[in-house]
Amino acid sequence: LPVITSNTIVRCRSCRTYINPFVTFLDQRRWKCNLCYRVNDGRKLFRTRCDLHSRRPICLRSKLPGDARTRVGFLTFDSTVHFYNLQEGLSQPQMLVVSDIDACEGAVDFAADYVQPEQGDPQRPRSGLTGGLQAHVAHRGSRYRHLGPATDFYKKLALDCSGQQIGVDLFLLSSQYADLASLACISKYSAGSLFYYPSFHYIHNPAQLEKFQRDLDRYLTRKIGFEAVMRIRCTKGLSIHTFHGNFFVRSTDLLSLANVNPDSAFAVQMSIEDSLADSSLACFQAALLYTSSKGKRRIRVHTLCLPVVSQLSDVYAGADVQAITCLLANMAIDRSISSTLSDARDALVNAVVDFVSAYKSSVSNLQQSGVVVPAAMRLFPLYILALLKQKALRTGTSTRLDERICAMCEFKTQPLPQLMRMVHPDLYRLDNITDQGALHLNDTVVPQPHLLHLSAERLSRDGAFLMDCGNVFYLWISKCCNEMFVRDVLGCPNYASVPPNMNHIPELQNPLSERVRAFLDWLQDNRAFSSSIHIVKDDASAKATLFQHLVEDRSDVASSYQEFLQHIQQQMSK
Numbered sequence: 001l002p003v004i005t006s007n008t009i010v011r012c013r014s015c016r017t018y019i020n021p022f023v024t025f026l027d028q029r030r031w032k033c034n035l036c037y038r039v040n041d042g043r044k045l046f047r048t049r050c051d052l053h054s055r056r057p058i059c060l061r062s063k064l065p066g067d068a069r070t071r072v073g074f075l076t077f078d079s080t081v082h083f084y085n086l087q088e089g090l091s092q093p094q095m096l097v098v099s100d101i102d103a104c105e106g107a108v109d110f111a112a113d114y115v116q117p118e119q120g121d122p123q124r125p126r127s128g129l130t131g132g133l134q135a136h137v138a139h140r141g142s143r144y145r146h147l148g149p150a151t152d153f154y155k156k157l158a159l160d161c162s163g164q165q166i167g168v169d170l171f172l173l174s175s176q177y178a179d180l181a182s183l184a185c186i187s188k189y190s191a192g193s194l195f196y197y198p199s200f201h202y203i204h205n206p207a208q209l210e211k212f213q214r215d216l217d218r219y220l221t222r223k224i225g226f227e228a229v230m231r232i233r234c235t236k237g238l239s240i241h242t243f244h245g246n247f248f249v250r251s252t253d254l255l256s257l258a259n260v261n262p263d264s265a266f267a268v269q270m271s272i273e274d275s276l277a278d279s280s281l282a283c284f285q286a287a288l289l290y291t292s293s294k295g296k297r298r299i300r301v302h303t304l305c306l307p308v309v310s311q312l313s314d315v316y317a318g319a320d321v322q323a324i325t326c327l328l329a330n331m332a333i334d335r336s337i338s339s340t341l342s343d344a345r346d347a348l349v350n351a352v353v354d355f356v357s358a359y360k361s362s363v364s365n366l367q368q369s370g371v372v373v374p375a376a377m378r379l380f381p382l383y384i385l386a387l388l389k390q391k392a393l394r395t396g397t398s399t400r401l402d403e404r405i406c407a408m409c410e411f412k413t414q415p416l417p418q419l420m421r422m423v424h425p426d427l428y429r430l431d432n433i434t435d436q437g438a439l440h441l442n443d444t445v446v447p448q449p450h451l452l453h454l455s456a457e458r459l460s461r462d463g464a465f466l467m468d469c470g471n472v473f474y475l476w477i478s479k480c481c482n483e484m485f486v487r488d489v490l491g492c493p494n495y496a497s498v499p500p501n502m503n504h505i506p507e508l509q510n511p512l513s514e515r516v517r518a519f520l521d522w523l524q525d526n527r528a529f530s531s532s533i534h535i536v537k538d539d540a541s542a543k544a545t546l547f548q549h550l551v552e553d554r555s556d557v558a559s560s561y562q563e564f565l566q567h568i569q570q571q572m573s574k
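Heads up, the sequence shown is in full-length UniProt numbering, so the first residue is 1 and it goes up one at a time.
As C-alpha cells, then:
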C-alpha cells in the first residue's frame, strides 16, 4: 500500500477523526468532519492522490519480516524451563535449565535460526507451560466440562503480557484433553493466535505434520506490526456496543493489540442512541496505530460511509448477509459461554424467525405462504442452519471439548471470507479447468474456474469437483471422470486404482497438474491456517461425507434445509 509521509496529520479538533474522502470541504480553508460535524481549519491540509488501481500484489518472502533488528529466542519446557544460547561460533546450542520458576528473571537475549530439541524424559511428564509463559513475561519486564475458563490465571497473565507488548501465539500439538477453554485466554487477551492440531503425531499422522509445517512457515513469514492500538469512531448518534476478537479493551473504544497481522479480524456491534433523521450518512472510522517490522511508526485508517434511509425496504435491500451471519455467530458463541449452548442455538433460530416475521409484516406485499425473504437475504436461513451444524455450536454429534473451543476461537478471530467458506463452502469443477480468464501473478498463471452453486445437483458422473470448506478441501472424483484427469492430476492409471484415503496432490510435470496445483496454491496463499485435502471417490458413504455439513445433523431442529424452513414457519405461527 502507498505510505503517505507528512509532518502534519490532519484530524478533527473535536472528535480526533482522521481526514478521509467523506469529509465536506466548505471552501479552500475549512472542512466539516463527517462524524461529529465540527468545522475545522484546513490551511495545513495536505492532499495526496492514491491510485487504487496502481497497487501491486504483495509477495511474501521466504524469510522473517523486518531487518537486522529482528531477534529470535527459544524457550522450551517440560517440568522445568529451558533457555538456549545460540550465539555464532558455538558448535552446538548451550541449554540453561531452570527448575525454580521464580529464579527466571534476568536479561537473557538470544538470536538464532536453529535449535536442536532435547529428547523428552518419560520420567518427567509434568508440563511447565505456566512457568514458561511467566518466565518470558519476567524476562521482558526486566527490561461442558465448561465452555468457559476454569481459572482466571491465564487471563491475568495475558494482561501482564499485553502490558509488556507481548502477544502470545499458542501452537497446541496434543492428542489428550488440554483444557483449551482456559489456555486460550492467554492468546485471546494478548491479541495472539491459536493453532490446534488434535491427534498430532510426527510419524503416524503425516497430514497433521504437513499442516503444522505449512502453518508455521506462514506464521513466521507473514507481515507483522507491534505495539498497536486501534480506535473505532462513529457518527454522532451511534455508539459502540461490543467488540469481538482477540484484544484487551483499554477504554470504551480503544483496543490494545500487542501484535497485529493480516490473519486477524474484529467484529463490532453498534447501537443507535439518537435519531439519525437529520443525517444523510452514517460514518465509521477505524484507525490502527502500530510499529512496522522495520521500526516505522504508522497509522492505518479505514473509513466507511453508509446512507441513512427512511424506508425499511431499503435497509433489507442493502443488507450484508455474510456480515450479519458472522456477527450472529460471534454473539451466539458469547452466549454459549455466558449461558448455555442450547440458549445460543435457540437465539440463532429466533433471529431467523424474527427477521422473516418482521419482513413479512412490514415490507413484503406478497400473499404467498412459506418463508418469504428479500433477495439480499435469501441465503440467511441456510447460513444459520449451516452455523448450527458447525463444531462450535452443534449438538447431537459427539464433539471433543477442545475441538469445540478451537472452533469457537476461529469464529471469533478469522476474517469473514474464511469463516464463510466454513459455513457455506465454495464449489468448483476442475476436470475441465483451462487458462481462460486466468490471473497472471509474477511468473505464475492461476486458472479461475467458475464458482458453482453449492448443490448436489451440480455434481455429475463424469467430473471432478473441488469443495473448499475453509479449513479442508474435498476433491470429489466421479466414477466416469476423465481418465486423463485421474492420470495427470492424481498419478493413478484409472479410477479404480485411486486409493481410498488419498490426501495429497502429487507434483506431476504436465499442464493439467500444474493448473490444478496453481489454483490450489492460490486458494491457500492468504489463509492463516493451511487446508488439508481429501480425495473422495464416488460412492454413497463418500458423498455423505462431502455434504455432511449441510445434511447430517441429529439435533432437534432439523436434518435438512426444507425441514428447517418448516420449523421456522411453525415458530412464526406461535
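Note that beta-carbon positions come from the ideal geometry of N, C-alpha and C, so glycine has one too.
Bear in mind the structure is a predicted one, so any value in this text is a computation, not a measurement.
Looking at the DSSP output, M467 bridges to L427 and Y474. Taken through DSSP and simplified to helix, strand or coil, M502 comes out as coil. Annotation: K188 is outside any beta strand (DSSP E); the continuous alpha helix (DSSP H) that includes it extends over C185 to K188. Less than 8 Å separates the beta-carbon of F200 from that of L173. The Cβ-Cβ distance between A150 and S182 falls below 8 Å. Cβ-Cβ distances below 6 Å link A323 to nothing in the same chain once the five nearest sequence neighbours on each side are left out. Close CB contacts of S99 within its chain, under the 7 Å cut and outside five residues either way in sequence, are with T80 (chain order). Between I433 and V516, the C-beta spacing is below 8 Å. Beta bridge pairing from DSSP links M95 with Y84. Residue environment analysis places C480 among the exposed positions, since fewer than 16 neighbouring C-beta atoms fall within 10 angstroms of its C-beta.
Counting along the chain, M230 sits inside the beta strand (DSSP E) bounded by residues G225 to C234. Distance from S478 to A456 at the Cβ level is roughly 12 Å; contact not present, criterion being Cβ atoms closer than 8 Å.
As computed with DSSP, V301 is found in a beta bridge with A287. M270: member of the beta strand (DSSP E) spanning A267 to I272, first to last residue.
Across the set C409, K156, A319 and L430, the C-alpha of A319 shows the shortest separation from the C-alpha of A375.
Comparing alpha carbon positions, the residue from H453, L35, S513 and F25 closest to I232 is L35. At the C-beta level, T303 and R297 stay beyond 8 Å of one another. For N261 against T413, the beta-carbon gap comes to about 11 Å, at or over 8 Å, which does not count as contact. Minimum Cα-Cα distance from T242 among the listed residues C305, S193, R29 and M331 corresponds to M331. Relative to N40, the option among D263, V10 and E210 whose CA is nearest is V10.
For the 8 Å CB-CB criterion, V489 and I505 form a contact. Per DSSP, reduced to three states, the secondary structure at L416 is helical.
Taking a contact as a CB-CB distance under 8 Å, the pair F411 and L401 does not count as one, their CB atoms being some 16 Å apart. Taken atom to atom, the span from the alpha-carbon of L341 to that of L348 is near 11 Å.
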